[in-house]
Every structure is written in structure tokens, then in C-alpha cells.
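Residue 350 in my numbering is what sits at position 349 of the sequence shown, and the numbering runs on without skipping anything. The beta-carbon is built from N, C-alpha and C at its ideal position, and this holds for glycine as well. Quick caveat: nothing in here was measured; it's all calculated off a predicted structure. See structure below.
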Amino acid sequence: MKITVVGTGYVGLVSGACLAEVGNDVLCLDVNPEKIRILKEGGIPIHEPGLDQVVARNIAAGRLHFTTDIQEAVRFGTIQFIAVGTPPDEDGSADLQYVLAAARNIGRYMTDYKVVIDKSTVPVGTADKVRAAIAEELDKRGDKVPYSVVSNPEFLKEGAAVDDFMRPDRIVVGAEDEQAINLMRALYAPFQRNHEKLVIMDVRSAELTKYAANAMLATRISFMNELALLAERLGADIEQVRQGIGSDPRIGWHFLYAGCGYGGSCFPKDVKALIHTAADAGQKLKVLQAVEDANDAQKLALVEKIVARFGEDLTGKHFAIWGLAFKPNTDDMREAPARVIIAELFKHGATVTAYDPVAMAEARRIFGDEPRLRYADRPMQALEGADALVIVTEWKEFRSPDFARIKATLKSPVVIDGRNMFISSEPRAAGLEYYGIGRK
């Protein structure tokens, strides 16, 4: 198939590369010439494990191409994926200006049948707006060209996106005409050789499915975080509680880890957007509002532990932070707990040295020349001169540290673990004061 992917961000680039990987001819469009230049030269503008090899392999094979030419991109593919950003607006709603601009461009330049696929995470009703935008451009031209609009939300986890695309749990397709459904079946046939993974539904249900999935996962996280705070008050251990409830097959093990809050490009934005969508429809999502409020509060939990241990005035205090990205295996710091924690430490008068395996460049972009923030090249280097170690992201390289060396390096033997990475007895046996989330 000839496929056009509009947008070379996280979703667009992964989708385009993986579709090329199974033999399709893919053209990725982006209006940012610098991004296209980097891609044509073999660079990758995002950090995603394994993506660089897939992109390089398919460029070399002649199946993956990049352009800034909108007309060329529209004319190229029968399949037109819209995979542009939908950033939150001031009121929390999803900003659809880039989605609708892409739709208008398709309507402006299309000359034959197109299947226009909303791959971006968009509110319910967006497909209708995309359909109307294309129709409006065709009317301006006085032309009648057939097209279909499909919702095909992505379910990619940052840090495992290539594997998620190549081996999907399910492929949700919202479509209402047979020609588009048949093309979608053909498009995704290479990804479901083992068994049928395509879930066909109406467009609006597909749009809601994406938001519902992320909202459910965010709910589990906030529930466990609130339960962890209760466990601290009651003298219970949230890790033992997690094992007790996770073994129930009705509940399962996923997304039951207490921590210092969720972040990233999906959960915070999608929870806000779904709350806003419900309000527009005349319904208040009380549970989801509580999920968001609990998450905002949870990002302050580590700072509260620091203040409880060292006092409100942290002037002259210095803290080491391990982990800046919102989760491991990505450099994404959007809505990351580390951003809130560092800003709050500054408010209390403290300074910080941070280490992250891949997100330091992103941190420098966000914080600029902030004099109160320094960066370390190695985890142990960050501890030099620090009053405590604060763990914010659960990178694998933090799992088995030398606790004795940590104690010897820190000015005060204090470890505040925002991801419950260790069995409590291990750091304590080395003489460290160890504070987790919801731990005894």
C-alpha cells in the first residue's frame, strides 16, 4: 500500500516506520523543515528504543520517505494518517487546530479516493469535523472526490512503542463503510497473523475507547497512590497490599504501583480532555476529577517527606535527584513529577543536582540556565554534597545500587524513594534512613 503519515512526532514516526517495516511504501509529512532534515540525514528527533534501527532499515530499503511538500504527501497515499499533536487548550480541551489543518490540506489537494485516518488522540466527534473540513475544501474547488474518515486510535507505550505497534493487543477501527473497513483489514493483516485483533466499531465509540483506556489506567494509579498515603497513616505496607490485591485475576497486576504521580503526553492530557468532553455533554465525571486531583497532590508527596525530615526552610540544603523523565525508556518530561518536585524544592530554598540516562538535554531545554540546578554525568556523582537522594523515575540502572557507597557519599544518610524500588530492609541495613511511598 501507499501510505501518507501527516506528522513525524511520537505517534506519526513510529506508525510510519512500522508500516514500512512490513513492506508498505510510506511518505511522512511534517511542516517543520528542521525535523525533516534530521530524519533524512538518519537522525531521530525523539528517544524511543529500537526506532532508529527500524527507520534506518526502511530508508535504506526505499520504503520510508520524508517530505515537507503537502501536495506531494496528499497525492501520494490512498491511506492518509493524521498523526499530529492535540495539545491541551487553556480549558483542558484538546486543541484540534493541527488535525483540522491536515484535513483541510487533504481536501484541498486530493484527486482520488482517500481513507483519512485519525491516529491522533482526539475527542468524540472529531471525525465529523474532519469530514466536514474535507467537504468544505472540495466544495471550494467545485469537485466531488470520494473519501472515508476512520478513527484508528493508537495504544503505544512510550519506551515500548515499536513492539506495541508490531505486536498489538488489539487494533481498534471506527468505520462505517465497507470499502474503508476492507482497506483497514488489508493494512493491518501483517500485524495479526496469529489471531484476529481488529475490533471494528462505529467511529464515535472508537474515539471514546482511546480516552476510556487511558482514563482507566490513570484511575488505577491514583487509586493506589491514595491507598499508599492511607497505608502510611495506618502502619500498613502498600507493596504487601499490592501483592494481595494484584493476585486477584479480576484486578490483575498492571498499574498497581504506588509512586509520585503519573505524567507524560497522554494520561494528564487525556484525563483533562475527557472531563471537558463530559462537561460539554452535560455530565460531570466525578471519579475522573478525583483522579486528576489526587495525581496533582501526589506529585507533592516527596517534597512533603523532604520538608518533614529537613524542615520548611531548605535554604542551604542540596538534594540529588535520580530520574527526570516521566517514566523509564523515554526522554519525555511533559507533566513529569520531577518538574514539580524540582520547582517546589526551589521554592523552599534548596538546590538540586539531577541525573537521568536520557532526559538531561530535555531538562536543560525546560529549565534553561537555572543556577540552582546542576547535572551529573553518573548517578553516584549526583550524590556528592547532597543532603538526601530523591528517586523520581524507576530506571533499571537504579535497581541495585551500592547502598554503603550511597551512605558514605551523602551528607545525611537519607533516601526518599518515589517509586518504591527497594525492599525496605536493604537500604536500612546499610544504615540509611529510607522513606518510600506507603511503606512501613
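Is the separation between the beta-carbon of residue i and that of residue j shorter than 9 Å?
i, j, result
"V85", "V75", "no"
"V146", "D119", "no"
"S152", "E208", "yes"
"K328", "T394", "yes"
"L390", "L374", "no"
"P169", "K141", "no"
"A237", "A95", "no"
"Y376", "T352", "no"
"G13", "C29", "yes"
"P124", "Y258", "no"
"V174", "M185", "yes"
"I71", "Y110", "yes"
"M2", "L188", "yes"
"R58", "G24", "no"
"F256", "M225", "yes"
On the criterion of 16 or more Cβ atoms from any shown chain inside 10 Å, does residue i qualify as buried, or is it exposed?
i, result
"E35", "exposed"
"T112", "exposed"
"T122", "buried"
"P372", "exposed"
"S426", "exposed"
"H66", "buried"
"E159", "buried"
"I307", "buried"
"H48", "buried"
"V288", "exposed"
"G317", "exposed"
"L231", "exposed"
"I252", "exposed"
"L235", "exposed"
"N33", "exposed"
"D178", "exposed"
"P269", "buried"
"S248", "exposed"
"Q108", "First, the amino acid is wrong: residue 108 is Gly here, not Gln. Counting Cβ neighbours within 10 Å, G108 comes out buried, since at least 16 surround it."
"N183", "exposed"
"D418", "buried"
"P88", "exposed"
"A61", "exposed"
"S266", "buried"
"Q98", "exposed"
"I424", "exposed"
"A360", "buried"
"A302", "buried"
"G312", "exposed"
"Q81", "buried"
Residues bridged to residue i by DSSP?
i, result
"P89", "A95"
"Q81", "T5, V117"
"C29", "V6, F67"
"V174", "I201"
"R375", "T354"
"V150", "V117"
"E363", "Partner(s): none; E363 has no beta bridge."
"Y435", "V416"
Give me the Cβ distance between residue i and residue j, rounded to the nearest whole Å; I'm assuming they're in contact under 8 Å.
i, j, result
"T79", "V116", "6 Å"
"K300", "C261", "6 Å"
"L384", "H349", "The Cβ separation is near 20 Å, so there is no contact."
"G8", "D31", "6 Å"
"A387", "K408", "Incorrect: roughly 12 Å between the Cβ atoms, too far for contact."
"N421", "E240", "6 Å"
"G93", "I276", "6 Å"
"G338", "G437", "First, the amino acid is wrong: residue 338 is Pro here, not Gly. Contact flag wrong, Cβ pair sits at about 15 Å."
"V204", "A181", "In fact, because the Cβ distance is near 10 Å, the residues do not count as touching under 8 Å."
"E434", "P402", "In fact, because the Cβ distance is near 15 Å, the residues do not count as touching under 8 Å."
"A102", "I135", "With 8 Å as the limit, A102 and I135 do not qualify as a contact, their Cβ atoms being about 12 Å apart."
"I4", "V27", "5 Å"
"T220", "V292", "5 Å"
"C19", "M202", "Rounded, the Cβ-Cβ distance is 23 Å, inconsistent with contact."
Subject >> Complete beta strand (DSSP E) runs within the stretch 181-221 (minimum length 3 residues, chain order) >> reply: 199-202
Subject >> Contained beta strand (DSSP E) runs [length at least 3] in the stretch 386-430, N- to C-terminal order >> reply: The qualifying runs are 389-392, 415-418.
Subject >> Segments assigned alpha helix (DSSP H), at least 4 residues, entirely inside the stretch 259-338 >> reply: 268-281, 287-299, 302-311
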